[in-house]
Structures are given as C-alpha cells and as structure tokens.
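Protein chains in written order, with my numbering: chain A, 1 to 229; chain B, 1001 to 1309.
Glycine is no exception: its CB is placed at the ideal position from the N, C-alpha and C atoms.
All values reported here derive from a predicted model rather than from experimental measurement.
For reference, the structure is listed below as structure tokens.
Okay, structure coming up:
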C-alpha cells in the first residue's frame, strides 16, 4: 500500500510539473488547471498553518483554560491578566482583529483601518531603528578601513575600491544636484558599478532558476520515469 | 472620525513601538514582548478571513457571471475546501482524527509519553483533551520529546519492543495493565503511516512541484528577455552583459575547469564591485525606508487609509 501511495504522489507531482512546463508552449487548459489548483491548495495550507500556529495556541487554549479555571475556582483578577497562560484578556485583540471583517459591510467598512493602523503603526516604528542599523550604520561601518586592515595591501586596495565605488554609487543616486563638473565622472563610475551589481544579480538569479529547472528534470527522469539512476 | 481615529491609534502604537525599542528589560519590555509575539499575532490572524473572503468572493462572482475561464474557479474553490478539510481534520502530519486518516490510528503522544488506545473513540478523547491522559500510571512508555512532534520518525518494531517490556514489567510487579493500553502490532503502526492523506503530503505532492516548476520556468523567460535587453547597445549594457556572463559561466564546473582564473574573477566581481553597488543601494533603501516610516507615523503619507471618507 505504501508503494502505491508513494507512486500516486509521484505521478501527481510529475503531471503537475509537466502541466506547468506546458506553458512554455502556450497558455493551455493543463497549465490553467495546475495554476488554479496551486492557488487553492496554497490558501488552504495557509489557513491550516494559521489555525495550528496562531488560533489554537493563542486563542482557543487560553480561553478554554480560563473557562475551566472559572468553573473550578470562580472568578479571579488573574483571568484578566494577559501574562497568564489562561486568560480572557485575549478577547480584546480578537475583537480588534474581527474588525477586519467590517470590510465586507459597506456602512462600517472604515473600521478596518483600526487593525491596519495598529499593525502599521507598531511595525513601522520598530522598523525605523532596525532598518537604520542594518542598512545604514552596519554598511557604513563595513566600508570604513581600520588600522588592522592595513596589515595586508590587498585588503587596503580592495577596501578602498569598495569604499570609493560605494560613494560613487551613492552620488549616482543623488539627484539633488545636477550631475555635471566633478560629479559627472564620479556618477559615471557609480552607474558602471551599479551595472556590474545588476549583472551579477541577474547571473545569480538565472543560475538559481536553472538549478530549480535541473531539480525538476531530475525529478521527472529519476523519480518518475526511472531512466536516470 | 473615520480617518482621524485610526490615525490617532496608529500614532499611539507607533509611539509605543518607538519607546519599546529603547527600553531595557523592564515591565515595558515584557508587555512589548507580549504585544509583539501574541496580541498582534491574534489581530493579524483575522486578516486571513479578509483574504479568504476576497478569494471566495472573486471566484464565486466569476462563476456566477460566467466570466472568461470561469470553469477553473471551481478547481480553486474545491482545492481550497479539500485542503482546509484535510489540514484541519487531519493535522499537518495526519496525526489528528478521522476522516483524513483512512482506517484510523490508535497511537497518541503527550508530554513526552506515548499512549496506545483500545479504540478510536479513546484516541479522539485524547486528541481533544490530552491533559486528561497526563497521568503517568496510564503511560505505556517514555520516549524522547521530539517523538511528539514527528510521529513518523519512530520504528514500529522499536515501539512494539518497548511496549512489550513495559507490559512484562507491570506483570512481574503484579500491577494491572491499564485498560486503555494494548500491545501495538507492526500492522497497526504501518496502518497509521500508510493510510493517511495529510497536509504534509499535499505540500510535498502539489505545492512543492508547482512552486518550484513555476520559478524554474522563469529561467526560460529570463533568458529570452536577456537576449533582447542585453544587446551591447552602449557601454553600460555591455558591462552588465559581461558581468552577468562571467558570474553565470563561473558557476559551471566544466567552464571553470577549462578557463583558468574564471572562478576567481567571478568571486572578485561578487566580492568587490557587486558588494559596492549593493551597499550603495542598501544605504539608499535604508534612508528611504526610514523617511517613509516617519511620513506614515506623522500622517503625511496616508495611502494606507484607502479611499473614501
């Protein structure tokens, strides 16, 4: 039975792989079926994961536990303490979250802005120092040469090259001043650096996609057809 | 009211978020952890209802209006319903109750202890309320905690042997064997492994092949787009073409074997000019992201409020 089930899933995966690759020929019924199947399964998968990872541990179990504690010991203020494992406080964020559903009721649909605002306000605020640190401070730190870097001439040379080309890149993206005079050659070095970066990114992306394609072909020829050992 | 109230709430939570970043291990920090790891997760979980509602509404409308390709909307809706049913009924690894596990199972685990049940009804009770069975006198044997998170990893023969030893020990001590415990056969364990359709199988059988094939297919389109975009019309396009070519060629073992220094050149491109350009872009992105965040918090950027009043 196990072999049959295994073969069944391999056939499903192989047929879906071929159905999606068939789009290379042209848009067709097999591709569209696989595409719509993927959307349905992916959403069902997300629902299940959210149910098990968020709904059950953060909503169902705490309230169920609080109900049991209430029926066993009666009311206590601890049942409203959000730090307790079992509490009724979480009903409050549940009510706020439920405001998302107001989107479907035109007369009160503006209330969806409340949960969006809470999420956006909080995460935007904590993102500022995080992004400032990771994208600016750390990058500037890494660009600065320190005394120990001068132990090796190759490190100094490449370190200086990276620093100067980083500055050139920044100047290329600096649009508050017209790129003429001294800025013109610097911004030209900047655009050349950016082009090398884009080329490298493109090359890496293509190779990653080709690796995936090779993986799919190995699956088809080895796991499905068995013509490659 | 309809715009100012949400903006005020957004501003207050932004202030709280800002304060929490700079506060050490205090009660503020504890509450912030609770807010970030629990309360906001609960709020966010409801957004799935919005997404799900929109998806179902879109496809039902498409079917109702007989729009172009409306037949495929049935595929999406049926796949959504079946996957959700299998996921919620059967669990991520098919460890929950029927009907997604055909034939059923009589094995359960809780708190590092393995239980073997005499009936499916007993198992269902266990799944609903595992704490009822946390009594060690009812335990059959003790296994490592990871067993609980991955039912499929244990060996049937190993489990059977452990149960047999436990039974023998209980009999030697003259203790009764709890009624909910019964010896487990290879057949039963294999039964559990073989007769289920779990969410994990849907993931491996449908999501992984579809997802990776779609991304793999992009390789063909990127190559065709590159052919048109990378023609050496000027110096900049030429530099981009040469860099991409070296990076791609340098990753092929056959090419690096025949062209000496190619691998080193590729690595140099990645480590020096590529790093400099990425660093410049990242600094720009960081400044832009911070500025946009401030604009949102201060109410200058209001696109998130949407249209209407």
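Using CA atoms only, rank isn't needed, just tell me which of the options is closest to residue i.
i: residue 60 (chain A); options: A:75, A:182, A:85; result: A:85
i: residue 1208 (chain B); options: A:68, A:216, A:22; result: A:216
i: residue 167 (chain A); options: A:74, A:153, A:180, A:139; result: A:139
i: residue 1306 (chain B); options: A:112, A:124, A:191, A:147; result: A:112
i: residue 1274 (chain B); options: B:1286, B:1240, B:1040; result: B:1240
i: residue 1276 (chain B); options: A:50, A:213, A:161, A:227; result: A:161
i: residue 1268 (chain B); options: A:144, A:44, A:154; result: A:154
i: residue 220 (chain A); options: A:13, A:8, A:6; result: A:13
i: residue 1041 (chain B); options: A:163, A:193, A:119; result: A:119
i: residue 190 (chain A); options: A:184, A:172, A:205; result: A:172
i: residue 134 (chain A); options: B:1087, B:1282, B:1247, B:1059; result: B:1282
i: residue 1286 (chain B); options: A:38, A:164, A:131, A:27; result: A:131
i: residue 206 (chain A); options: B:1245, B:1198, B:1237; result: B:1245
i: residue 1236 (chain B); options: A:188, A:147, A:52; result: A:188
i: residue 1261 (chain B); options: B:1250, B:1271, B:1270; result: B:1250
i: residue 17 (chain A); options: A:78, A:218, A:228; result: A:218
i: residue 1010 (chain B); options: A:73, A:83, A:126; result: A:126
i: residue 1248 (chain B); options: B:1290, B:1076, B:1219; result: B:1219
i: residue 43 (chain A); options: B:1056, B:1032, B:1043; result: B:1056
i: residue 1017 (chain B); options: B:1032, B:1084, B:1216, B:1271; result: B:1032
i: residue 1204 (chain B); options: A:41, A:21, A:165; result: A:41
i: residue 30 (chain A); options: B:1038, B:1027, B:1069; result: B:1069
Please report whether the beta-carbon of residue i lies at a distance below 8 Å from any beta-carbon of chain A.
i: residue 1304 (chain B); result: yes
i: residue 1300 (chain B); result: no
i: residue 1277 (chain B); result: yes
i: residue 1259 (chain B); result: no
i: residue 1186 (chain B); result: Bear in mind that the predicted position of residue 1186 (chain B) carries a pLDDT of just 43, short of 50, making it too unreliable to give a figure here.
i: residue 1009 (chain B); result: yes
i: residue 1236 (chain B); result: yes
i: residue 1042 (chain B); result: yes
i: residue 1060 (chain B); result: no
i: residue 1156 (chain B); result: Here residue 1156 (chain B) scores only 47 on pLDDT, less than 50, and its place in the model is too uncertain to base an answer on.
i: residue 1045 (chain B); result: yes
i: residue 1251 (chain B); result: yes
i: residue 1182 (chain B); result: With a pLDDT of only 46 at residue 1182 (chain B), under 50, the local geometry of the prediction cannot be trusted, and the value read off the model is given with reservation. Chain A contact via Cβ: absent.
i: residue 1017 (chain B); result: yes
i: residue 1072 (chain B); result: yes
Under 8 Å, Cβ to Cβ, is there at least one residue of chain B near residue i?
i: residue 226 (chain A); result: no
i: residue 96 (chain A); result: yes
i: residue 129 (chain A); result: yes
i: residue 58 (chain A); result: yes
i: residue 221 (chain A); result: no
i: residue 9 (chain A); result: yes
i: residue 161 (chain A); result: yes
i: residue 125 (chain A); result: yes
i: residue 213 (chain A); result: yes
i: residue 43 (chain A); result: yes
i: residue 185 (chain A); result: no
i: residue 13 (chain A); result: yes
i: residue 36 (chain A); result: yes
i: residue 119 (chain A); result: yes
i: residue 153 (chain A); result: no
If we count the other Cβ atoms within 10 Å of its Cβ and call it buried at 16 or more, is residue i buried or exposed?
i: residue 95 (chain A); result: exposed
i: residue 1210 (chain B); result: buried
i: residue 182 (chain A); result: exposed
i: residue 36 (chain A); result: buried
i: residue 1001 (chain B); result: exposed
i: residue 234 (chain A); result: Not covered by the structure: residue 234 (chain A). The range shown for chain A is 1 to 229.
i: residue 103 (chain A); result: buried
i: residue 1303 (chain B); result: exposed
i: residue 1173 (chain B); result: exposed
i: residue 1279 (chain B); result: buried
i: residue 1212 (chain B); result: buried
i: residue 1227 (chain B); result: exposed
i: residue 75 (chain A); result: exposed
i: residue 23 (chain A); result: buried
i: residue 150 (chain A); result: exposed
i: residue 170 (chain A); result: buried
i: residue 1073 (chain B); result: buried
i: residue 38 (chain A); result: buried
i: residue 1293 (chain B); result: buried
i: residue 1058 (chain B); result: exposed
>> Ignoring anything shorter than 4 residues, give me the alpha helix (DSSP H) runs that lie fully in the region 157-218 of chain A, in order along the chain.
In response: 183-218
> Curious, which full-length beta strand (DSSP E) runs of at least 3 residues does the region 1207-1261 of chain B contain?
Replying inline: Scanning the region 1207-1261 of chain B for uninterrupted beta strand (DSSP E) segments of 3 residues or longer gives nothing; none is fully contained.
> Which runs of the alpha helix (DSSP H) spanning at least 4 residues fall entirely within the region 54-78 of chain A, listed in chain order?
Replying inline: 61-73
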